[in-house]
Structure formats: structure tokens, C-alpha cells
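Asks: In our numbering, the protein residues as written are 1 to 270. First, the structure itself, so that you have it in front of you.
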Amino acid sequence: MRIEQDVGHPGDRRRRVADVHRRAQAREALEHDSKPTWFEYLELPLRNDGMFPVTWALWSRMPLLFTTTCRFGRLTEKTMQVTGTPTPPRKFAHFVLRTSRYHEVVDFYKALLCAHSTFSNDILSFLTYDEEHHRIAVLNVSGLQDQQRGTAGVHHVAFTYDSLADLIANYERAKLQSIEPVWCTNHGPTTSFYYRDPDGNQLELQVENFATVEESIEFFHSPEFAENPIGVDFDPEELARRLRAGEPEVDLIKRPHSGPRGFDAHIKIF
Ligand SMILES: [Fe+2]
Numbered sequence: 001m002r003i004e005q006d007v008g009h010p011g012d013r014r015r016r017v018a019d020v021h022r023r024a025q026a027r028e029a030l031e032h033d034s035k036p037t038w039f040e041y042l043e044l045p046l047r048n049d050g051m052f053p054v055t056w057a058l059w060s061r062m063p064l065l066f067t068t069t070c071r072f073g074r075l076t077e078k079t080m081q082v083t084g085t086p087t088p089p090r091k092f093a094h095f096v097l098r099t100s101r102y103h104e105v106v107d108f109y110k111a112l113l114c115a116h117s118t119f120s121n122d123i124l125s126f127l128t129y130d131e132e133h134h135r136i137a138v139l140n141v142s143g144l145q146d147q148q149r150g151t152a153g154v155h156h157v158a159f160t161y162d163s164l165a166d167l168i169a170n171y172e173r174a175k176l177q178s179i180e181p182v183w184c185t186n187h188g189p190t191t192s193f194y195y196r197d198p199d200g201n202q203l204e205l206q207v208e209n210f211a212t213v214e215e216s217i218e219f220f221h222s223p224e225f226a227e228n229p230i231g232v233d234f235d236p237e238e239l240a241r242r243l244r245a246g247e248p249e250v251d252l253i254k255r256p257h258s259g260p261r262g263f264d265a266h267i268k269i270f
């Protein structure tokens, strides 16, 4: 059951997310430790880049299969097990768009995300809204075809705000610049506003509904999510009105029960 929570400083949440990853890595390491490979029995020295085994295998005329696997520098599952902790990226850095609507797209991201340019010329713009040197890059390429519905690729990119008040304030500010969401829904773990850029790329601006990652993951496994994995749609104006009227955010971001839902015509993103 959800109770009122102090969501705390955003840094606390990042630390909790890091803890979840560390615990998952520790679990994986334990699983690997319980299944030693023949490498471990032989106590062969290994380097993280896998080069020593390659050299060693070639020198000692190891079976062709092994040398072939490692020759191109790939770390196989077996070598991963003995080379230590897997190293995921520290963060997601940026994404890059190519467009023939260059100035339109640059202006859109600046307006929607309160971003500014750290570099810009006639063919390339770097945009950021925080400490990163660029979060979005836009390439000016003439003659590109428009996106076709039903083409495989990225569905949307999401940005998280600290609070519902921030999210609503951004919605209202963007609306004044004629940028409006195409779909608003409460997924359960997030309250989300979906937008489309001038090329049709889809963006989600969201606020987390739960205070912890564990609660969000728990929701994915709940009967409520099984019944409706899509979301409960809302009117952004009504949500803004209720927030201004003083209703607590913790109540406004709680997903109401609306019964079963699958993919339907009300989903305004494709
Ligand atoms: Fe999303």
C-alpha cells in the first residue's frame, strides 16, 4: 500500500538506483563464482581486454575453436566470468538526430527542454540543459525522407523531472510556445506527457510516481500492471487545475483504477 512519502533529494534516488545495480551485479558475480570455468581451475592470468588469452592460446596451440573466438577481441561469456566485474556505462550521455528541418528541430528542443546550444553551425548543433556538454545533437542533412509509420527503430526518448509541479510548469510554458503533448497518461510508475518533434520523433516528459526503484519494479509485477500495462489517460489541463487548487502531488500522481486496457485507439503515439 502506498503512503505519503518524502521523495527526498534527487541525489538520494540516484544513489538508490546505483545500489540496485550494485546488488544485481553482486548477485551475478556470486552466480558466476559458483560455476568455475576451466580457466579458473588452471589459474591462467587474464587481462580485461582478453588479449593475454589470445596470445597464450596461440602460443600454446590451444584448440582452434578457442583461438577463433578470441582472435577478434570478443569477450566470450566464459572469459567474462573470469575477468571480473562487468562494467556497464556510468550514464546515458546523449542522442543524435539527423534532420532536413534543421532550424525547426533545434528550436523545438530548445523550447521544450529549456535547452541551450553549446556549439552550433550550419550543419551541427549541440544542445544541453544540464552539466553535460551535449545531451542532444542535431545534424543538418538535406533531402531526408520523412519517417514512415510502421518503421522499426526508437519509439521514444524519456526525460524525468523532479516533481509534478516542474512537469506541469514545463507543460504550460511549452504550450505558450505552441508545443503541446500528443498523449498524457499515468503509466503507474510515471506520470507522462508525450510530445512529437517536427520530424515525428517521440519524447516522453515524466515524473516518477514512486519514491523508490523497488516500488516501480514491484508495480511491473502487480496484477494492476498485468491488467493495464499501458496507462490511465488524463487531461493535462485538469491535472494542472487540480495541482493549482492545492491537491497534494502524492495524490495526483497515483494511478487511478480504470480496468483492463491493451493497445487501443486512444494511444496517440505509434
Ligand atoms: Fe517511456
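Note that CB positions come from ideal geometry on N, CA and C, so glycine has one too.
1) When every heavy atom of ligand 1 is checked, does at least one fall within less than 7 Å of the C-beta of Glu204?
2) Helix, strand or coil, according to DSSP, for Arg241 in the structure here?
3) Are there any heavy atoms of ligand 1 lying less than 7 Å away from the beta-carbon of His156, as far as the coordinates show?
4) Whole angstroms is fine: what's the gap from Ser163's alpha carbon to Arg173's?
5) Taking His296 as part of the beta strand (DSSP E), name the residues at either end of that continuous run.
6) Considering only C-alpha positions, which residue in the set Asn201, Ala165 and Asp130 is nearest to Gly246?
7) Cβ of Phe159 within 8 Å of Cβ of Leu97?
8) For the structure I just gave you, are there three or more beta carbon pairs, one from the stretch 230-246 and one from the stretch 126-137, closer than 8 Å?
9) Taking the alpha-carbon of Phe270 as reference, which of Tyr195, Ala240 and Val250 has the nearest alpha-carbon?
10) Classify Leu176 as buried or exposed, calling it buried when 16 or more other Cβ atoms lie within 10 Å of its own Cβ.
11) Evaluate contact between the stretch 132-147 and the stretch 100-112, counting only Cβ atoms and requiring at least three cross-stretch pairs below 8 Å.
12) Could you check what DSSP says for His266 in three-state terms: helix, strand or coil?
13) How long is the line joining the alpha carbons of Leu167 and Tyr161, rounded to whole angstroms?
14) Just to confirm before moving on: does the CB-CB distance between Asp233 and His266 stay below 8 Å?
15) What's the gap between the Cα of Ile136 and the Cα of His155?
16) Please list, in chain order, all residues of the same chain as Asp235 whose beta carbon is under 8 Å from its beta carbon, the five residues on each side excluded.
17) Asp233 by DSSP, collapsed to three states: which one?
18) Curious, which full-length beta strand (DSSP E) runs of at least 3 residues does the stretch 159-205 contain?
19) Select from Lys110, Phe225 and Thr118 the residue whose C-alpha is nearest the C-alpha of Pro260.
20) Going by CA-CA distance only, name the one from Thr118, Pro223, Pro181 and Glu227 that's closest to Gln206.
21) Any idea which residues DSSP pairs Arg98 with across the strands?
22) Considering only the beta carbon of each residue, do Asn209 and Pro189 sit closer than 8 Å?
Replies: With the structure as the only source:
1) yes
2) helix
3) yes
4) 15 Å
5) Residue 296 lies beyond the residue range present for the chain, which begins at 1 and ends at 270; the question has no answer from this structure.
6) Ala165
7) no
8) no
9) Tyr195
10) exposed
11) yes
12) coil
13) 6 Å
14) yes
15) 16 Å
16) Cys184
17) strand
18) 183-186 and 190-196
19) Phe225
20) Pro181
21) Leu139
22) yes
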